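Beneath this line is the structure, given in structure tokens, with notes to follow.
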Amino acid sequence: MKNAAQTPTTTSRPLLWNTHHDQPQSRRVEVIALLNRELADVLDLKLQAKQAHWNVKGAQFAALHELFDEVAAGADEIADELAERAVMLGGVARGTIQSVAAASRLATYPAEALASDEHIRALSGALARVAHSLRNAIAVATTQEDAGTADVLTQASRSVDKLLWQVEAHVALEPRSTEPVKSLT
Ligand SMILES: [Fe+2]
Numbered sequence: 014m015k016n017a018a019q020t021p022t023t024t025s026r027p028l029l030w031n032t033h034h035d036q037p038q039s040r041r042v043e044v045i046a047l048l049n050r051e052l053a054d055v056l057d058l059k060l061q062a063k064q065a066h067w068n069v070k071g072a073q074f075a076a077l078h079e080l081f082d083e084v085a086a087g088a089d090e091i092a093d094e095l096a097e098r099a100v101m102l103g104g105v106a107r108g109t110i111q112s113v114a115a116a117s118r119l120a121t122y123p124a125e126a127l128a129s130d131e132h133i134r135a136l137s138g139a140l141a142r143v144a145h146s147l148r149n150a151i152a153v154a155t156t157q158e159d160a161g162t163a164d165v166l167t168q169a170s171r172s173v174d175k176l177l178w179q180v181e182a183h184v185a186l187e188p189r190s191t192e193p194v195k196s197l198t
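This note's numbering applies: residue 14 is where the sequence shown begins, and numbers increase by one.
As structure tokens, then:
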């Protein structure tokens, strides 16, 4: 009979499937963990966008209802790429709601938000956080010399930057820099 003490119970242990993929195992373990961290954030982002899509109210309802659904669809596509890249490398994609809730680094979405500007502010913050994290992840994948993963992350980064622009374009933000605008003449 198997000793219960020998039965692996942890879910954080890196689990690699046999594969002919040629990148060294140590590199793949690092990159799979990186991809799963991004995956958790992006799946959280998807649900936050759906929360906004369902609950937004106000004069801009039609446009924002549609835009927030586009953000959710965009996040869903990115999540698929990240998850499948992790599995290609021999890993396990950690996409259960429990894994996402435990691993996401996004701020908790304001569940009572109703007005357009509340949703725009909250979703912009989530998108900016994901965009920042993806940029750091590109740098890590590049350092690991995994050009394929860096490419997946770069495409994801460009998509999130675009979604952030589209959401932020619905409000006039305060300038973030206090530096005077340089003259073009
Ligand atoms: Fe819908």
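Every residue gets a Cβ at the ideal spot worked out from N, C-alpha and C, and that includes glycine.
Since the structure is predicted, the reported quantities are computational estimates derived from the model, not experimental observations.
- Those residues having their beta-carbon less than 6 angstroms away from any non-hydrogen atom of ligand 1 are, in chain order, 66, 82.
- Here residue 104 is buried, its C-beta having at least 16 other C-beta atoms within 10 Å.
- Taken in chain order, the unbroken stretches of alpha helix (DSSP H) that lie wholly in the region 111-160 and span 4 residues or more are 129-156.
- Between residue 159 and residue 136, the alpha-carbon positions lie close to 31 angstroms from each other.
- If you compare the alpha carbons of 153, 61, 38 with that of residue 133, the shortest gap goes to 61.
- Judged by beta-carbon spacing, residue 58 lies beyond the 7 angstroms limit of residue 180, meaning their Cβ atoms are not closer than that value.
- In this structure, residue 163 lies away from residue 169, with their beta-carbon atoms at least 7 angstroms apart.
- The shortest C-alpha to C-alpha distance from residue 172 to any of 121, 184, 46, 90 is the one to 90.
- Three or more Cβ pairs closer than 8 angstroms define a contact, and the region 103-117 meets that threshold against the region 35-50.
- Residue ranges of uninterrupted alpha helix (DSSP H) with 4 or more members, entirely inside the region 60-120 and ordered along the chain, are 74-101, 110-116.
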